[in-house]
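Residue numbers (my numbering), protein chains in the order written: chain A, 1 to 136; chain B, 1001 to 1107. Step one of this worksheet: look at the structure below.
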């Protein structure tokens, strides 16, 4: 609880995939393919292009920041008070591709704004009574 | 940390107290008087709930003249929910979907 308000946080997920970078690149950048694994979108592989990701729970506002085909893609990710940047990095390996996703820029105050704003609360309060019931 | 968690759960287990806390979350800083006007209970009862919320670290009070302003301390909920691990779960799940898609793209 002693985090400084300016402390940034990040989430990193990475995985080896037995597929060539150009194929993974297509899945990361073609809207009809993005819709199959992430969310519906009007993404275009153009720097500064603004797009949305639309999930059942709401919309994420994004803007393309950096593109280097088959190597790296980054876009801003803003949803319900949460401002962050998602960066994809593709590195060829002998067996295929090392795919890395980093989402950075969470600050504790943004996390709290996000939590207070939306579904965290709904979930939190929906679960709370059940958890409380099991306490004593 | 489990003690902190228990204290937060116990504090919010009371529906009236939880309603006061939720209102502070939604509406920001508020006075006892304004809270009482819509709580359906007496001002001393509201003040008592606010004291309990304060003890649990869930609200902060600020004195200005004769008025006390209360605000929610959402940071106090941090022990309950680790946002980064939730987001990690989200992305791992999406990676699974991506791998399924990549397999289908072969066919």
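Yeah, the Cβ is synthetic: ideal placement off N, Cα and C, and Gly gets one too. Since this is a predicted model, take the numbers as computed values, not measurements.
Note down, in chain order, each residue of its chain lying with its Cβ closer than 6 Å to the Cβ of residue i, except the 5 sequence neighbours on either side.
i                      : result
residue 1017 (chain B) : 1049
residue 27 (chain A)   : 33
residue 225 (chain A)  : The structure shown does not extend to residue 225 (chain A), since chain A is modelled only from 1 to 136, so the question has no answer here.
residue 1097 (chain B) : none
I want to verify the contact list: residues of chain B whose CB lies under 9 Å from the CB of residue i, in sequence order.
i                    : result
residue 37 (chain A) : 1094, 1095, 1096, 1097, 1098, 1099, 1100, 1101, 1102
residue 27 (chain A) : 1098, 1101, 1102, 1105
Determine the burial state of residue i: buried for a count of at least 16 other Cβ atoms within 10 Å of its Cβ, exposed for fewer.
i                      : result
residue 91 (chain A)   : exposed
residue 74 (chain A)   : buried
residue 1059 (chain B) : buried
residue 1011 (chain B) : buried
residue 69 (chain A)   : exposed
residue 79 (chain A)   : buried
With a CB to CB cut of under 7 Å and the five nearest residues on each side skipped, what residues in its chain are close to residue i?
i                      : result
residue 1057 (chain B) : 1073, 1076
residue 105 (chain A)  : 8, 83, 84, 85
residue 77 (chain A)   : 60, 62, 84, 85, 86, 103
residue 24 (chain A)   : 17, 90, 97, 99
Identify the contact partners of residue i in chain A, using a Cβ-Cβ distance below 7 Å as the criterion.
i                      : result
residue 1088 (chain B) : 11, 13
What does residue i reach in chain B if we use C-beta pairs closer than 7 Å?
i                    : result
residue 19 (chain A) : 1102
residue 33 (chain A) : 1101
residue 23 (chain A) : 1102, 1105
Run through chain D and tell me which residues come within less than 8 Å of residue i, C-beta to C-beta.
i                     : result
residue 103 (chain A) : Of the chains in the structure shown, none is chain D; the protein chains are A and B.
Throw me the rounded Cβ distance for the residue i and residue j pair, which I believe falls under 8 Å.
i                      : j                      : result
residue 1036 (chain B) : residue 1052 (chain B) : So it is not a contact: roughly 16 Å between Cβ atoms.
residue 50 (chain A)   : residue 39 (chain A)   : Incorrect: roughly 15 Å between the Cβ atoms, too far for contact.
residue 1031 (chain B) : residue 1067 (chain B) : 5 Å
Indicate, with yes or no, if the ligand FAD has a heavy atom lying under 7 Å from the CB of residue i.
i                    : result
residue 38 (chain A) : Ligands in the displayed structure: none, and consequently the ligand FAD is not present.
Give every residue of the same chain whose Cβ lies closer than 8 Å to the Cβ of residue i, excluding the five residues on either side of it in the sequence, and list them in chain order.
i                    : result
residue 47 (chain A) : 64, 65, 66, 67
Inside the region 1034-1098 of chain B only - alpha helix (DSSP H) runs reaching at least 4 residues: Complete alpha helix (DSSP H) runs here, min 4: 1043-1055.
Segments assigned beta strand (DSSP E), at least 3 residues, entirely inside the region 80-106 of chain A: Within the region 80-106 of chain A, the beta strand (DSSP E) runs of at least 3 residues that lie entirely inside it are, in chain order, 82-93, 96-106.
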